[in-house]
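Single-structure report; data block below.
Number of protein chains: 2
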Amino acid sequence: MDPCDRGTAYGDGVFRTLLVRDGRLVCWERHYRKLLSDCQAISVACPSRDTLEAELAWASEDSRRGAAKIIVTRGPGSRGYAPPANPKPSRLVSVGPLPSFPQDNYTEGVCVHRCRMTLGFQPRLAGIKHLNRLENVLARSEWSSPNFAEGLLLDAEDHVVEGVASNLFVVREGKLHTPDLSRCGISGVTRERVIDRLLEEGVPLRVAAISWAELVTSEEVVLVNSLIGAWQVRKLESHTWVRGRWASRIRSWLDESEV
Amino acid sequence: MDPCDRGTAYGDGVFRTLLVRDGRLVCWERHYRKLLSDCQAISVACPSRDTLEAELAWASEDSRRGAAKIIVTRGPGSRGYAPPANPKPSRLVSVGPLPSFPQDNYTEGVCVHRCRMTLGFQPRLAGIKHLNRLENVLARSEWSSPNFAEGLLLDAEDHVVEGVASNLFVVREGKLHTPDLSRCGISGVTRERVIDRLLEEGVPLRVAAISWAELVTSEEVVLVNSLIGAWQVRKLESHTWVRGRWASRIRSWLDESEV
């Protein structure tokens, strides 16, 4: 850790988590676009695609299957919040083993913890996968039982926003909804992929605030991210869901290859 | 930078900035107590006082005057937000030169920028000097002119909260006020020192929300932190203040030695 790097000092940077499958980065183009857009959102110069591709190729050389991570920070700085006059962004590229998720998560669905930690509203940073993630860290520390596969985060007004490390789709009266992320939450690449595919398929989707009451009376809740793919929520507090059709449909879309 | 350190990955830690004066750490006891309390607030084990004292002494060996910094993070972790089962907190101790503030800041007061960036409400993290500081970073990037000595941060409801790197005291109708920091902002050690001294002196202080309208119609606004001491605000947008008596009084208190 470099104490002068603004990533360490202030969480002044962004990151990406990608799936490596069959030795290839899944949805690399999309991930790069999102990294670029997140960097721009906080005015950090994004490393070139070529540079990152070369480093990812090197880091994932021996991995047929794994979790790649890219961190980009504003780089070294002197004391104080003022950005350096000539920033030299830092990048960290690594590939680690993929967590082994229980097969039941895919076939039976998952049990989810309702987090007491709630997300604060910060429209200026909402959607960005930046390095200020104490809310997620504290939310994730609320449970240690492996019975819970994920935690559900609400905002200060009792809207459901996302999982601690995933995005959310909700089926109500046969229609798909996903929480609006303009005030808090991270807009993930897998959420984008699902939204794009729904549009392609002509399936209506409503992006809006979803209350707790609406969530627990829904027909199906699906969690998505790059590493897990899609899991249906089976149980959340005293609420249970029977198997729906969307989790497996979304999963099959995600399993199809995409550049 | 260690990509596996949770300080880098998530801003999962806290920090302190201390003044080194005459080769001594000013208010070390207070800073250590606050570091301990901030660590506890996010469940990170705080390094012992002895360890930090030894490292600070080593780092400040050649400094009669400087700015010391302590960063404590949850330490290395594996992929994902879940805290490590047996965390080994990391610490970074450094001492750098003290910025040279213009003498006018003390004699004439300072001109302050009103930040467009507003602070989000997150009561769970409010007051803590944690490493998730993108709000401050983006606020500080709003100006580069040396004419502005500091930026003023408001919350989403138009209350004044703090300076980008300082706390605030406001005099209205002869009475002292300081913003309540239970929903956002950092509660600094210098703010605490001033509050304690006001209590000792029997000076009434109101800790409450302060609106923009209340601020700009106040008789005096004073910014405080460990490095600057106390500066009176002379100008903020079209509002100006004549010299008051509190900035110099607070400054003289802060200049008195304290363990």
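Chains A and B, in that order, are what the protein sequence lines are.
What the first sequence shows, in our numbering, is residues 1 to 259, in sequence order.
What the second sequence shows, in our numbering, is residues 260 to 518, in sequence order.
Cβ atoms here follow ideal geometry from the backbone N, Cα and C, with glycine treated the same way.
Owing to the predicted nature of the structure, the values given are computational and were not obtained by experimental measurement.
C-beta neighbour in chain B for residue i, strict 8 Å
i, result
"Arg79(A)", "yes"
"Ile186(A)", "no"
"Ser94(A)", "yes"
"Gln122(A)", "yes"
"Asn147(A)", "no"
"Ile71(A)", "yes"
"Ser226(A)", "no"
"Ser43(A)", "yes"
"Pro99(A)", "yes"
"Pro204(A)", "no"
"Gly7(A)", "yes"
"Pro87(A)", "no"
"Pro3(A)", "yes"
"Ala59(A)", "no"
According to DSSP, residues forming a beta bridge with residue i
i, result
"Thr118(A)", "Leu154(A)"
"Lys34(A)", "Per DSSP, none; premise fails for Lys34(A)."
"Leu262(A)", "With chain A covering only 1 through 259, there is no way to say anything about residue 262(A)."
"Asp5(A)", "Pro76(A)"
"Val430(B)", "Leu435(B) and Glu479(B)"
"Leu25(A)", "Val20(A)"
"Glu320(B)", "Partner(s): none; Glu320(B) has no beta bridge."
"Ser425(B)", "Gly422(B)"
"Gly272(B)", "Thr332(B)"
Same chain, Cβ closer than 6 Å to residue i, neighbours up to 5 away in sequence not counted
i, result
"Arg510(B)", "Gly488 and Ala489"
"His498(B)", "Val475"
"Asn136(A)", "Val164"
"Val371(B)", "Glu409, Leu411, Val492 and Leu495"
"Trp512(B)", "Arg456"
"His23(A)", "First, the residue type needs correcting, since residue 23(A) is Gly and not His in the sequence shown. Hits under 6 Å: Arg64."
"Arg16(A)", "His31, Leu35 and Ile70"
"Trp287(B)", "none"
"Pro346(B)", "Arg333 and Gly334"
"Arg6(A)", "Asp12, Thr73, Arg74 and Gly77"
"Ser507(B)", "none"
Minimum Cβ-Cβ distance from residue i to chain A less than 8 Å
i, result
"Gly422(B)", "no"
"Gly270(B)", "yes"
"Val396(B)", "yes"
"Gly488(B)", "no"
"Leu384(B)", "yes"
"Val518(B)", "Here the model assigns Val518(B) a pLDDT of 49, short of 50, so the residue's position is not dependable, and the following value carries that caveat. Judged by the 8 Å Cβ criterion, Val518(B) is not in contact with chain A."
"Leu393(B)", "yes"
"Leu513(B)", "no"
"Leu311(B)", "no"
"His389(B)", "yes"
"Trp505(B)", "no"
"Ala326(B)", "yes"
"Ala415(B)", "yes"
Distance between beta carbons of residue j and residue i, contact taken as under 8 Å
i, j, result
"Tyr10(A)", "Leu393(B)", "7 Å"
"Ile128(A)", "Ala45(A)", "Not quite, the Cβ-Cβ distance comes to about 16 Å (not below 8 Å), so this is no contact."
"Cys263(B)", "Pro335(B)", "5 Å"
"Arg172(A)", "Glu201(A)", "Going by Cβ atoms, the distance from Arg172(A) to Glu201(A) rounds to 18 Å, so no, they are not a contact pair."
"Val20(A)", "Gly66(A)", "4 Å"
"Ala327(B)", "Leu284(B)", "6 Å"
"Val221(A)", "Thr190(A)", "Between Thr190(A) and Val221(A) the Cβ distance is about 15 Å, and since that is not below 8 Å, they are no contact."
"Val14(A)", "Asp38(A)", "4 Å"
"Arg91(A)", "Pro47(A)", "5 Å"
"Leu18(A)", "Ser226(A)", "6 Å"
Contact list for residue i against chain E, beta-carbon separation under 7 Å
i, result
"Ala82(A)", "Of the chains in the structure shown, none is chain E; the protein chains are A and B."
Same chain, Cβ closer than 8 Å to residue i, five either side skipped, listed in chain order
i, result
"Ala156(A)", "Thr118, Leu119, Gly120 and Phe121"
"Glu401(B)", "His372, Cys374, Arg375, Met376 and Gly410"
"Asp514(B)", "Gly488"
"Val518(B)", "With a pLDDT of only 49 at Val518(B), under the threshold of 50, the placement of this residue in the model should not be trusted; the figure read from the coordinates follows. Excluding positions up to five away in sequence, the list reads Cys286, Trp287 and Glu288."
"Ser441(B)", "Pro382, Ala385 and Gly386"
"Leu435(B)", "Phe428, Val429, Leu457, Val462, Pro463, Leu464, Arg465 and Trp505"
Residue i: CB within 7 Å of a non-hydrogen atom of the ligand ADP
i, result
"Ala326(B)", "This structure does not include the ligand ADP; it has no bound ligands of any sort."
Contacts around residue i, its chain only, beta-carbon distance under 7 Å, and the 5 residues preceding and following it disregarded
i, result
"Glu367(B)", "Arg493"
"Glu162(A)", "Leu153, Leu168, Pro179, Gly185 and Ile186"
"Val419(B)", "Leu411, Leu413, Leu427, Pro438, Ile469, Trp471 and Leu474"
"Glu314(B)", "Val352"
* To do: Quick one: which unbroken alpha helix (DSSP H) runs of 4-plus residues sit fully inside the stretch 178-253 of chain A? Chain order, please.
  => 189-201 and 212-216
* To do: Ignoring anything shorter than 3 residues or poking outside the stretch 322-404 of chain B, list the beta strand (DSSP E) runs there in chain order.
  => 324-332, 349-355 and 369-378
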